[in-house]
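Under mature numbering (1 follows the signal peptide of the UniProt record, and there is no 0), the residues of the sequence shown are numbered -21 to -1, 1 to 311, in order. Note that beta-carbon positions come from the ideal geometry of N, C-alpha and C, so glycine has one too. What you are looking at is a predicted structure, and each value in this text was computed from that prediction instead of being measured.
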Amino acid sequence: MKLAKKIISIMLTGAFLLSLSSCELISKTEEGKLKEAVAKINGHTITKAEYLKRFETKKAQIQAFYGSDFFEKKENENYVTQIKQDLLENMINEVLLVKRAEELKVVPDEKTIQDEVNKNIEESKKTLGGEDKFNKTLSDLKITLEDYKAYIRNQVIIEKLYDHITKDVNVTEDEIKKYYNENIYDYTEKPNKMNVSHILVKTQDEANKVKAELDKGVKFEEVAKKYSQDPGSKDKGGNLGDIYYNDKNYDKDFMANAIALPVGKISGPVKTQSGYHIIKVNSKEEYKQIPLEKVKGDIEKKLIDDKKEQAFEQELNNLRKKAKIKIYYERL
C-alpha cells in the first residue's frame, strides 16, 4: 500500500513538473513566434513583433472609423487579409527606401533628424490640442512615443530621398498646354453640366431599331422603359440626372457625344464598352473658359507633383526588382 502511494506521489509530482514545463514551453514558443521573420529583405529581417506593433496601430485606426468589431466580421475577412498584406508591403518598402538613402548618402545628420522629429511632434500636439490629447491619441493608437519617433525618423529620411530622386523633375510649356486642352472642362468659371437621358442596348442592330422608333415620334421615356438594359435609369425613362462635363466616371466617347449634342436632340448609336447608347440631352449649363495664363501655375504644380510621384515610384519598383525579398504571409 505504501509502495502504491509512493508511486502515485511520484506520478503526481511528475505531472506537476510536466505541467510547469509545458507552461514554460508555451511561453517560450509564443516568445519564439514573435521573433520569427515575417519578411526578409536583403538580409534585413522584419520580425512578427515589429509587424504586430504596426498592425495594432493600423487596427486601431480602422476600428475608429468602422467600429471595434470590424476585424471580427466574417464578411470583412478578405479586407482584413488585404490590410495585413498591404501593411507588410509598406514596411518592406520602408526598409528598402531607408537603405537606399544610406547608399546615396542623403541621410541627414542625427541632429537634423531629431530636430525634424521634434518639430513633427510639436506640430502634432498643436493640431490635436495639446500634449495630453497627443498622448491620448498615441495611447488610443496603441503606439509608444519611442515607436512613434522611430517611425517619424524613417519618414524624415525617406522624404530626403524623395527630394534627391525628384530634384531634376520639370515640365515644358507644351506639356502644360497639352494638359490644359485635354482637361478643358476642369477650367471653367463654374462647372459645366448637362442633364442626360440614354437608352442602352447590346448591339448596333438593336440601337438602330430604337433610333427608328424615336424618329417616328415615340416618346424617349417610353422607348427607354421598353428597350434599355441599364437597370439604374430604365425605370426613370432613361434619365441619368445631371452629369458634369469633367466627370471621369463615364466613357469618353459617351461624354464627347453628349457634350456635342444640342439640347433636345437625339444622337445616333454611340458605341462604348457597355454597349450601344442612344443619347438625349435635356438641358445644359455652360460657363466661360478660364484662360490658360490664369491657371498655368496650378497646372505646372500638378504636373510636377505627378512626375515626382512617378519618378519616386519607379525608383521603388527598381529597388524591389533588384532586392532579395522573402515574405511569410502565413505568419501574419
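Delimiting residues of the beta strand (DSSP E) encompassing residue i
| i | result |
| --- | --- |
| G20 | Here residue 20 turns out to be Ile, not Gly, going by the sequence shown. 16 to 20 is the span of the beta strand (DSSP E), which, as asked, contains I20. |
| S262 | 254 to 264 |
| K90 | First-last for K90: 89 to 107, but that is the alpha helix (DSSP H), not the beta strand (DSSP E). |
| N218 | 218 to 223 |
| T24 | 23 to 26 |
| K250 | 249 to 251 |
Inter-residue Cα distance where the pair is residue i and residue j
| i | j | result |
| --- | --- | --- |
| H23 | L66 | 17 Å |
| Y30 | D88 | 27 Å |
| L295 | N57 | 26 Å |
| K139 | N99 | 15 Å |
| E168 | I269 | 6 Å |
| S207 | V260 | 16 Å |
| V148 | K104 | 34 Å |
| S118 | K63 | 21 Å |
| K212 | L219 | Just to set this straight, residue 212 is Ser in the shown sequence, not Lys. Between S212 and L219, the C-alpha separation is close to 6 Å. |
| I137 | H143 | 10 Å |
| E292 | K38 | 26 Å |
| E185 | S176 | 17 Å |
Contact check, residue i vs residue j, beta carbons under 8 Å
| i | j | result |
| --- | --- | --- |
| D221 | N174 | yes |
| I257 | L193 | yes |
| Y307 | A18 | yes |
| I92 | V59 | no |
| Y130 | L271 | no |
Residue range of the unbroken alpha helix (DSSP H) whose run includes residue i
| i | result |
| --- | --- |
| G243 | Run containing G243: none; DSSP gives neither H nor E here. |
| E125 | 124 to 144 |
| I304 | Looking at the DSSP string, I304 is not in any alpha helix (DSSP H); the run it does join, the beta strand (DSSP E), is 304 to 306. |
| T60 | 56 to 82 |
| L117 | 110 to 119 |
| E152 | 152 to 161 |
| E192 | 183 to 194 |
| K204 | 199 to 206 |
Residue i, buried or exposed, once every other Cβ within 10 Å from all chains shown has been counted against 16
| i | result |
| --- | --- |
| K156 | exposed |
| K172 | buried |
| E47 | Reading off the sequence, residue 47 comes out as Ser, not Glu. So S47 ends up on the exposed side. |
| Y127 | buried |
| V242 | exposed |
| K301 | exposed |
| residue 315 | The structure shown does not extend to residue 315, since the chain is modelled only from -21 through 311, so no value can be given for it. |
| F44 | exposed |
| P248 | buried |
| T151 | exposed |
| A203 | buried |
Closer than 7 Å: residue i CB and nearest the ligand COA heavy atom
| i | result |
| --- | --- |
| I92 | With respect to the ligand COA, the structure offers nothing, as it holds no ligand at all. |
Which residues DSSP lists as bridging residue i, in chain order
| i | result |
| --- | --- |
| M173 | I222, K263 |
| A274 | Correcting the residue type first, residue 274 is Val in the shown sequence and not Ala. None, per the DSSP bridge assignment. |
| T36 | None; T36 has no bridge partner. |
| T167 | Q268 |
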